[in-house]
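Colleague: Let me begin by handing over the structure; questions about it come next.
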Amino acid sequence: MKHQLATVSFSVDVATKRDLDELAANEGRSKSDLFREMYSYYRFKTSLRRVQEQGAIIAARLGLETDDDVYRYLSQGRAA
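As numbered in my numbering, residues 32 to 111 make up the sequence shown, in order.
Next up, the structure:
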């Protein structure tokens with residue numbers, strides 16, 4: 032099934048537009064395709080950051096300070 036597309040408009044400075052045009056041409060891709068990839072990467076990074084923050088909170092609660100502490104904890108089968 033094909034995704035339904037919508038148009039999004041936004042402004043950037045002239046140098047950024049020029050750079051985006053050049054990047055798209057060099058990659059042989061559309062600016063829309065590049066934007067979709069950048070957006071997807073941004074979403075991934077923000078999700079990963081949230082998971083890392085939650086992991087740090089849980090690790091602190093469990094008294095896990097190093098990677099070795101985490102591996103030891105997991106190898107003991109205490110992770111649920």
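Where is the CB? At the ideal position from N, CA and C, for every residue including glycine.
Would you please state the rounded distance, in angstroms, between the beta carbons of A90 and V101? I believe it to be under 8 angstroms.
Modeller: Taking a contact as a CB-CB distance under 8 angstroms, the pair A90 and V101 counts as one, their CB atoms being some 7 angstroms apart.
Colleague: Pop quiz: L65 and A56 are said to be a contact at Cβ under 8 angstroms. What is the actual Cβ separation, rounded to whole angstroms?
Modeller: No, L65 and A56 are not in contact; Cβ-Cβ is about 11 angstroms, not under 8 angstroms.
Colleague: Between the C-alpha atoms of K76 and R103, what's the straight-line distance to the nearest angstrom?
Modeller: About 27 angstroms.
Colleague: Express the C-alpha separation of K62 and E53 in angstroms, rounding to a whole number.
Modeller: 10 angstroms
Colleague: Locate the alpha helix (DSSP H) running through V45, then write down its first and last residues.
Modeller: 45-58
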